[in-house]
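Quick notes on the structure that follows.
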Amino acid sequence: MRFGCLHAAFLLAVVALISPTNAQSRVYRDRVVPHWDGSQTQFWYRNELPGEAREFILVNAAKGFRGPAFDHGRLAAAFSELLGRPVDSGRIPVLELEFPDSDSSIWMLKGPEGEFAWNPVDNVLQRLRPAEAVFELFLPPRPSGASVEDTSIVFTNRWTAPVTLVWIAPDGGRRDYAVVAPGQTHRQHTFVGHTWLLRAADGAELGCAVAVGGGNEWNLSEAVVAGVRRDDVAARARRGRQSTAAAPDNNPAPDNRFTAFVSGHNLWLKSADSEDFQLTDDASAEHTFRRDAQRARAVGMDYGRADFPEHLAEVYWAPDSKYLLAFQTTQVAERRVHYVESTPGDQLQPRLQSYPYLKPGDPIPTPTPRLFRTADRVEIPISDELFPIPWSLEFQRWRSDGSGFWLLYNERGHQRLRLLDVNAADGSVQTVIDEFSPTFIHYSSEGKFELRWLDDNTVLWASERSGWNHLYRYSLESRSLLNPVTQGAWNVRRIEHIDLSAGWIWFYAVGVQAGQDPYHEHLCRVRLNGSEFRVLTAGDGTHAVEWSPDRRWFLDRWSRVDHPPVTELRTAEGDLVCQLEAADASEVLAEYGRFPQRFAAPGRDGSTNIYGIIHRPRDFDPSKRYPVIENIYAGPHDYHVPKSFRAGRGHQQQLADRGFVVVQIDGMGTAWRSKAFHDVCWRNLRDAGFPDRISWLRQAAAVHPELDLERVGIYGGSAGGQNAMAALLWHGDFYRVAVADCGCHDNRMDKIWWNEQWMGVPAGDVYERNSNREHAHLLEGRLLLVVGELDRNVDPASTMQVAKKLVEAGRDFELLVVPGAGHGACETPWASRRRTDFFVRHLQP
32 MRFGCLHAAF LLAVVALISP TNAQSRVYRD RVVPHWDGSQ TQFWYRNELP GEAREFILVN
92 AAKGFRGPAF DHGRLAAAFS ELLGRPVDSG RIPVLELEFP DSDSSIWMLK GPEGEFAWNP
152 VDNVLQRLRP AEAVFELFLP PRPSGASVED TSIVFTNRWT APVTLVWIAP DGGRRDYAVV
212 APGQTHRQHT FVGHTWLLRA ADGAELGCAV AVGGGNEWNL SEAVVAGVRR DDVAARARRG
272 RQSTAAAPDN NPAPDNRFTA FVSGHNLWLK SADSEDFQLT DDASAEHTFR RDAQRARAVG
332 MDYGRADFPE HLAEVYWAPD SKYLLAFQTT QVAERRVHYV ESTPGDQLQP RLQSYPYLKP
392 GDPIPTPTPR LFRTADRVEI PISDELFPIP WSLEFQRWRS DGSGFWLLYN ERGHQRLRLL
452 DVNAADGSVQ TVIDEFSPTF IHYSSEGKFE LRWLDDNTVL WASERSGWNH LYRYSLESRS
512 LLNPVTQGAW NVRRIEHIDL SAGWIWFYAV GVQAGQDPYH EHLCRVRLNG SEFRVLTAGD
572 GTHAVEWSPD RRWFLDRWSR VDHPPVTELR TAEGDLVCQL EAADASEVLA EYGRFPQRFA
632 APGRDGSTNI YGIIHRPRDF DPSKRYPVIE NIYAGPHDYH VPKSFRAGRG HQQQLADRGF
692 VVVQIDGMGT AWRSKAFHDV CWRNLRDAGF PDRISWLRQA AAVHPELDLE RVGIYGGSAG
752 GQNAMAALLW HGDFYRVAVA DCGCHDNRMD KIWWNEQWMG VPAGDVYERN SNREHAHLLE
812 GRLLLVVGEL DRNVDPASTM QVAKKLVEAG RDFELLVVPG AGHGACETPW ASRRRTDFFV
872 RHLQP
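Okay, so the sequence shown: first residue is 32 according to the working numbering, each after it adds one.
This is the structure in structure tokens:
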């Protein structure tokens, strides 16, 4: 089993960062949403401009032309005449355009005033339809998604009473933003996927809408309120329960002669004439052929996953129906974490809660493949010699002729991955790919694990065997390497597209542009045989592209934390056609005074550059010296310092504005540099890159003397909470104050999959050596421990146990338990204020 999810604390940190409260500044010309014509040679897009203005741009990709889509002044005059009121050229009531037909010059215009036809040749404007609702409301509210893509809402209240815009947080919490009077328009910064509730003055909920990319024109009218869509929550829940029960409740062979099912935990076949045949007699509740849901609950953290129907098996039929592969699963005792919900809603009495949660070293559900020949219903034994200790064993696919199948084996401890070829005739197993690492294989993140089936005979595989993450092409027939697809001292980040007929692959890479930040993502292209490699993007920043429908051109949007977005049009070969937009971030500069500053300096080895950013107060005075606070998250699954431009600032800026310099750094042990850089974390999470971070800070202070390294604090959540406390345990001579939020202070107490990925199966004293709990007596400095009583990501007992050890060691510290809060408790407004006050109290004179 693979996990593409991030450590939840990082997601919560992102959610805190993207709260609309933290991002009111506007960035103009920063979003190009192309609308291509039928020939796919030209497109239009809309620019949002200061003062609620907008403009429409037309681009002819084939000719390299970019200019106004029309004469905005002439069209404004036509609207003024038609509507009987002055219309400014920057506020034409148009949101969308439709290109003229090939034999016409008439544009279709749509907006809040209705739908119009306009002939720019003779300047004739005609209203075709009156204004209609441009968005739909729904109830009840649903939480916002966790997105970092900026957008905005232009909300016009054409209803009869004032309306309050209420943001629905990802955790379901609510926050009021603006009251909009009847007839007024309000612009609200937000993020794609965020939910906004419209509330009347009497508290009535009018409805919700979700922000989309490219801007949102929300015009509230009586008709819109009357048409609100009301979701039946109870009915939806019933449908959800029915959908689980209605998951495929049989497993028919392709020729429909037999259906596989489970009875008494054994595997059976039912013939087309309803005759039953028992295939096994050795199953039990502990070793069942019933499809497994336990792994998803206790390992995958899908706590509420229901068991599958008792008769439903996990089976895979050969294409010709001659063979049946089934999985028998060894079940384990389902460890549960218990906690007390002290304030369950409006109830007075507390309530005991629990959820399934396996921890490092626990037994896990184990699958065993069983193969049967259907003609005589005889089992064909499969040797487990090549998959003896599975973390997971996943069926991949059958050969097209039904002669065999492939399995993917991930060995527990995550030091070996194998693609296995099983012969159906005799059950023999051979290795196609055998990937081994003396440290760990980073199987749990997109890009670091890739298994793509190119055709019946070749697969694409990702490996760090060269010291860098690259793609390799293998032959399934010969079970051998055909060729490296990519190579070099850089990493493939993720695959963007594969064109098998043309033999090309497009992918994002990091570290591929010399002289740039090695975390910047660039789009590249290479042939599957490894030839004709080319980097398709160039700007000094991190890139995201959007292709034309026929992939002849792409829009390249790049930025840095200190450089607003630039959008370019390029050919499929990467050649620049023209620059479309360079975003205007003057309002951001006006509000904050500066962008975050990038800084790089060698780490512990004196040669490998470490990259980070510096946040300064709005009222920064270079003649003063400021205490320094590091916001740390050293989770090895990724890098964590922002690389793209953001209009808003999160808790880093809130802290900075209280008189601190706040820094973020990616030290050794985090991902997406070399394998050696990453391997520092192996069985060594307490390291957290601290030698690199301290080196970086000392060199930053040498260049920027306003950084006072006699007063250094640190804070983080989840793995970052573990890191923050570790700073005072092992580096208390440098870090003076720490706030540790919901930390996994002993990795034996945390979720199994994340910790075994980096620490392996507990053996010897590996986990003890990395434990804050076991070393609590080493504490120096001032520590604030924070935990949410409802944390379902990291066992809250982890914080309480380390607190007990501190008490036993006679160490002074503060403990903050946040009632009703879950993981990331310190990002709630009250706890966030307490965190800031703690730093002010202990780092400022």
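Even for Gly, the Cβ is constructed at its ideal location relative to N, Cα and C.
All values derive from a computational prediction rather than experimental measurement.
- Per DSSP, the continuous beta strand (DSSP E) segment holding Y503 begins and ends at 501-506.
- The alpha-carbon separation between L80 and S70 amounts to approximately 29 Å.
- For V833, the three-state secondary structure derived from DSSP is helix.
- The stretch 737-744 makes no contact with the stretch 714-722: fewer than 3 CB pairs, one atom from each, lie closer than 8 Å.
- DSSP, read as helix, strand or coil, puts I411 in strand.
- Within a 10 Å sphere around the beta-carbon of P549 sit 16 or more other beta-carbons, which makes this residue buried.
- In this structure, DSSP gives K706 a helical state, which the three-state scheme calls helix.
- Counting only runs of at least 3 residues, the stretch 175-223 fully encloses the following beta strand (DSSP E) elements, listed from N- to C-terminal order: 181-188, 194-199, 205-211, 216-222.
- Annotation for D697: the continuous beta strand (DSSP E) segment containing it runs 692-697.
- Under the 10 Å beta carbon count, N803 is surrounded by 16 or more other beta carbons and is classified as buried.
- Under the 10 Å beta carbon count, F467 is surrounded by fewer than 16 other beta carbons and is classified as exposed.
- In this structure, D286 sits away from S373, with a CB-CB distance that is not shorter than 7 Å.
- Following the DSSP letters along the chain, one finds E787 inside the alpha helix (DSSP H) bounded by residues 783-790.
- The beta-carbon distance between E612 and V58, rounded to whole angstroms, is 11 Å. This is too long to meet the 8 Å contact definition.
- Counting only residues of its own chain and dropping the five nearest sequence neighbours on each side, A614 has a CB closer than 6 Å to the CB of V58, R60, D61, P595, P596.
- By the criterion of at least three beta-carbon pairs nearer than 8 Å, the stretch 143-159 is in contact with the stretch 106-116.
- In this structure, the straight-line span from the alpha carbon of G700 to that of V711 is close to 5 Å.
- Counting the other Cβ atoms within 10 Å of the Cβ of A314 gives 16 or more, which makes it buried.
- Shown here for V792: same chain residues with a beta carbon closer than 8 Å to its own, the five before and five after excluded, namely P391, G392, R443, G444 in chain order.
- The beta carbon of V210 sits closer than 6 Å to those of P193, T195, all from its chain and outside the five residues before and after it, given in chain order.
- Collapsing the DSSP output to three states places T361 in a strand.
- For N488, the secondary structure class from DSSP, reduced to helix, strand or coil, is coil.
- H528 and G478 have their C-alpha atoms roughly 13 Å apart.
- Counting only runs that start and end inside the stretch 547-590, the beta strand (DSSP E) elements of at least 3 residues fall at 552-558, 573-578.
- Per DSSP, the continuous alpha helix (DSSP H) segment holding S617 begins and ends at 617-623.
- According to the DSSP assignment, E799 belongs to the alpha helix (DSSP H) that extends over 797-800.
- Looking at the backbone, the Cα of N188 and that of G214 are separated by about 5 Å.
- For C857, the secondary structure class from DSSP, reduced to helix, strand or coil, is helix.
- Across the set P412, R428, S494, the C-alpha of P412 shows the shortest separation from the C-alpha of G458.
- Going by beta carbons, C609 and G224 fall outside the 7 Å limit.
- Assignment of beta-bridge partners to I641 by DSSP yields A632.
- Taking C-alpha positions only, A707 is separated from T290 by approximately 51 Å.
- Bounds of the beta strand (DSSP E) holding V453 are 447-454.
- By the Cβ neighbour-count rule, R382 is exposed, with fewer than 16 other Cβ atoms within 10 Å of its own.
- Looking at the DSSP output, T290 sits in a beta bridge with P283, K301.
- By the neighbour-count criterion, in which 16 or more other beta carbons inside 10 Å mark a residue as buried, G819 falls on the buried side.
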